[in-house]
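A short worksheet on the structure shown next.
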Amino acid sequence: QQAVIGVTGLGVMGRNLARNFARHGYTVAAHNRTNTKTKALIEEFGHEGEFLPAETPEAFVASLARPRKMVIMVQAGAATDAVIDEFAPLLEPGDILIDGGNAHFADTRRREAALRERGIHFVGVGISGGEQGALDGPSIMPGGSPEAYESLGPILEDIAAKVDGVPCCTYVGPDGAGHFVKMVHNGIEYADMQLIAEAYDLLRKASGMTPGEIAETFRTWNEGRLGSYLIEITADVLSHVDRATGKPYVDVVLDQAEQKGTGRWTVQAALDLGVPVTGIAEAVFARSLSGHVDMRGAARQLAGPSGGGLDHSFADDVEQALYSSKVVAYAQGFNEIQAGSAQYGWNIDLGAMATIWRGGCIIRAKFLDRIREAYESDPNTPTLLTDARFAAEVGDAQNAWRDVAVTATKNGIPAPGFASSLAYYDGLRADRLPAALIQAQRDFFGAHTYRRTDRDGVYHTQWELPDRPETRTDA
Ligand code: NDP
Numbered sequence: 003q004q005a006v007i008g009v010t011g012l013g014v015m016g017r018n019l020a021r022n023f024a025r026h027g028y029t030v031a032a033h034n035r036t037n038t039k040t041k042a043l044i045e046e047f048g049h050e051g052e053f054l055p056a057e058t059p060e061a062f063v064a065s066l067a068r069p070r071k072m073v074i075m076v077q078a079g080a081a082t083d084a085v086i087d088e089f090a091p092l093l094e095p096g097d098i099l100i101d102g103g104n105a106h107f108a109d110t111r112r113r114e115a116a117l118r119e120r121g122i123h124f125v126g127v128g129i130s131g132g133e134q135g136a137l138d139g140p141s142i143m144p145g146g147s148p149e150a151y152e153s154l155g156p157i158l159e160d161i162a163a164k165v166d167g168v169p170c171c172t173y174v175g176p177d178g179a180g181h182f183v184k185m186v187h188n189g190i191e192y193a194d195m196q197l198i199a200e201a202y203d204l205l206r207k208a209s210g211m212t213p214g215e216i217a218e219t220f221r222t223w224n225e226g227r228l229g230s231y232l233i234e235i236t237a238d239v240l241s242h243v244d245r246a247t248g249k250p251y252v253d254v255v256l257d258q259a260e261q262k263g264t265g266r267w268t269v270q271a272a273l274d275l276g277v278p279v280t281g282i283a284e285a286v287f288a289r290s291l292s293g294h295v296d297m298r299g300a301a302r303q304l305a306g307p308s309g310g311g312l313d314h315s316f317a318d319d320v321e322q323a324l325y326s327s328k329v330v331a332y333a334q335g336f337n338e339i340q341a342g343s344a345q346y347g348w349n350i351d352l353g354a355m356a357t358i359w360r361g362g363c364i365i366r367a368k369f370l371d372r373i374r375e376a377y378e379s380d381p382n383t384p385t386l387l388t389d390a391r392f393a394a395e396v397g398d399a400q401n402a403w404r405d406v407a408v409t410a411t412k413n414g415i416p417a418p419g420f421a422s423s424l425a426y427y428d429g430l431r432a433d434r435l436p437a438a439l440i441q442a443q444r445d446f447f448g449a450h451t452y453r454r455t456d457r458d459g460v461y462h463t464q465w466e467l468p469d470r471p472e473t474r475t476d477a
């Protein structure tokens with residue numbers, strides 16, 4: 003008997019992914035560098051399906067049906083390269099090597115190109131949903147050759163989460179497309195979490211609500227347009243009381259947020275592509291700021307507002323600010339996917355990405371159906387903010403959004419996500435931006451030239467001369 007698919011790297015994600023395949027009736031080859039993990043998988047979960055445990059890479063590869071399909075589920079970076087180097091020589095042209103880790107899309111592009119030369123299909127797959135998702139059905143974002151997807155796709159779609167019967171998995175595009183989309187997914191996740199955290203902080207500090215009361219508010223919000231996995235788990239966290247101290251659990255957790263790097267990658271890639279992802283960047287920097295214990299300690303003595311005035315009834319305003327800021331963060335993330343797709347020739351279907359994020363993944367939300375519809379009605383929309391429904395909703399919410407930003411500022415409560423999203427909205431909306439002045443400054447000190455509103459051409463003003471003559475430089 004041969005295996006339909008194999009998994010090497012049976013850590014938190016790999017072992018649940020292997021179980022998911024087995025539960026769906028696929029015979030799964032299982033391998034791990036340290037053999038005890040393979041044994042443990044078979045002992046604990048062998049009854050869930052057909053597993054072919056292998057102690058060596060050779061035995062693992064020999065147990066796979068051709069064309070071989072094997073998933074690598076190890077840490078991104080050096081470990082992934084080491085495993086590829088170990089297994090690729092054992093594979094044959096036509097075989098499919100799948101990287102399910104959180105690889106950087108540039109690494110995936112490099113690996114895909116190198117393996118393509120040897121006739122091996124390398125598929126970089128973004129997988130979201132954490133440990134439980136891997137077992138019960140994750141959101142899966144595969145990138146690679148369409149040919150590889152033809153035989154691999156149906157298996158991945160089978161084990162993915164389903165929403166209204168539609169699998170949360172679809173072909174994303176060539177080489178690094180899948181890992182790029184997964185990266186932006188994580189960036190949006192950072193922004194979403196930051197915005198929810200700001201909403202909590204404002205309700206607590208400016209409204210004087212308790213964590214338990216805020217949990218109730220979040221539960222109500224979860225019934226409406228904000229309905230999502232992240233809002234749901236936030237309500238759960240906020241209603242939890244620490245057993246040891248009897249305090250709200252959120253009060254005993256150290257307030258220094260950690261990160262593994264995918265949010266940072268999203269911002270770095272956006273900088274390279276020239277896409278403003280201010281909401282995601284604020285979220286990455288807010289985590290970073292929280293970790294600067296030395297600066298925070300020293301800054302505690304800095305002056306704060308002399309009483310901003312508490313607002314006891316602004317939960318509804320905060321909902322509007324959260325919703326609007328969330329639209330901005332998602333709009334920015336989708337713009338980054340659009341730009342990456344154009345840059346690397348991936349031809350990514352944006353509506354399809356919203357569709358496969360509706361279930362399985364961390365940012366799953368009702369809201370994604372709206373995004374799918376927005377791209378269905380206009381696949382080339384320059385920004386989700388101008389989609390008729392989003393524009394109307396944010397238009398209705400914007401006064402409350404502004405009030406929340408003012409309350410935060412007056413009370414000295416940091417709300418960088420809300421504030422910068424609002425600035426982005428106003429920046430896009432503005433008739434004229436002070437970028438005109440920046441162009442003039444650039445021309446003044448560096449002769450960088452500028453264009454005029456009233457005629458064609460590129461101009462330079464000789465600022466050093468008393469009458470400041472203007473010359474056309476492109477004529
Ligand atoms: P774990 O730490 O639980 O497992 C890591 C696995 O990698 C182990 O099986 C380990 O083998 C193996 N490994 C590490 N280095 C090597 C190497 N040099 N050669 C061979 N095997 C090696 O990691 P996770 O399962 O959490 O994560 C795996 C991947 O999935 C990562 O890329 C992660 O970013 C991604 N991911 C994780 C999610 C999560 O929620 N945890 C969600 C989505 C993606 P050994 O037992 O011998 O040490």
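Numbers in full-length UniProt numbering are just positions in the sequence shown, counted from 1, shifted up by 2.
Idealized CB from N, CA, C, for every residue including glycine.
Whose CA, out of the options, lies closest to the CA of residue i?
i	options	result
residue 194	468, 333 and 458	333
residue 33	340, 117 and 72	72
residue 418	11, 198, 42 and 120	198
residue 359	344, 348 and 336	336
residue 119	239, 140, 436 and 97	97
residue 286	169, 11, 475 and 186	186
residue 87	435, 117 and 68	117
residue 347	176, 251, 408 and 379	176
residue 200	371, 406, 140 and 430	406
residue 458	444, 464, 449 and 473	473
residue 150	166, 114, 134 and 165	114
residue 308	414, 94, 349 and 164	414
residue 225	321, 440 and 68	321
residue 26	6, 188, 392 and 95	6
residue 268	66, 214 and 341	341
residue 214	142, 11 and 253	253
residue 83	111, 432, 250 and 242	111
How is residue i classed by DSSP in three states: helix, strand or coil?
i	result
residue 142	strand
residue 461	strand
residue 238	helix
residue 278	coil
residue 181	helix
residue 15	helix
residue 411	helix
residue 467	coil
residue 367	strand
residue 49	helix
residue 380	coil
residue 454	coil
residue 476	coil
residue 250	strand
Taking 7 Å as the cut-off, is the beta-carbon of residue i closer than that to any non-hydrogen atom of the ligand NDP?
i	result
residue 400	no
residue 133	yes
residue 137	no
residue 235	no
residue 39	yes
residue 32	no
residue 21	no
residue 104	yes
residue 36	yes
residue 129	yes
residue 73	no
residue 99	no
residue 195	no
residue 252	no
residue 361	no
residue 125	no
residue 76	yes
residue 15	yes
residue 183	no
residue 85	yes
residue 265	no
Mind reading off the beta-carbon distance from residue i to residue j? Whole number of angstroms is fine, and I expect it under 8 Å.
i	j	result
residue 292	residue 261	Their Cβ separation, rounded to whole angstroms, is 10 Å, which puts residue 292 and residue 261 out of contact at 8 Å.
residue 317	residue 219	5 Å
residue 338	residue 275	7 Å
residue 50	residue 24	5 Å
residue 565	residue 92	Examination of residue 565 is not possible in this model, given that the chain is present from 3 through 477 alone.
residue 361	residue 378	Between residue 378 and residue 361 the Cβ distance is about 18 Å, and since that is not below 8 Å, they are no contact.
residue 216	residue 202	6 Å
residue 165	residue 143	Not a contact, Cβ separation roughly 15 Å.
With a threshold of 8 Å between beta carbons, is residue i in contact with chain B?
i	result
residue 351	Structure shown: chain B not included; a single protein chain is present.
Next item on the list: Count the C-beta pairs between the segment 361-376 and the segment 118-135 that are closer than 8 Å, then say yes if the count reaches three, no if not.
Entry: The segment 361-376 vs the segment 118-135: in contact.
Check: Using 8 Å as the threshold, is the segment 63-77 in touch with the segment 6-21, meaning 3 or more CB pairs across them?
Finding: Yes, the segment 63-77 is in contact with the segment 6-21.
Note to self: For the segment 157-167 against the segment 226-238, do three or more pairs of beta-carbon atoms, one drawn from each stretch, fall closer than 8 Å, so that the two count as touching?
What the structure shows: Contact fails: fewer than three Cβ-Cβ distances are below 8 Å.
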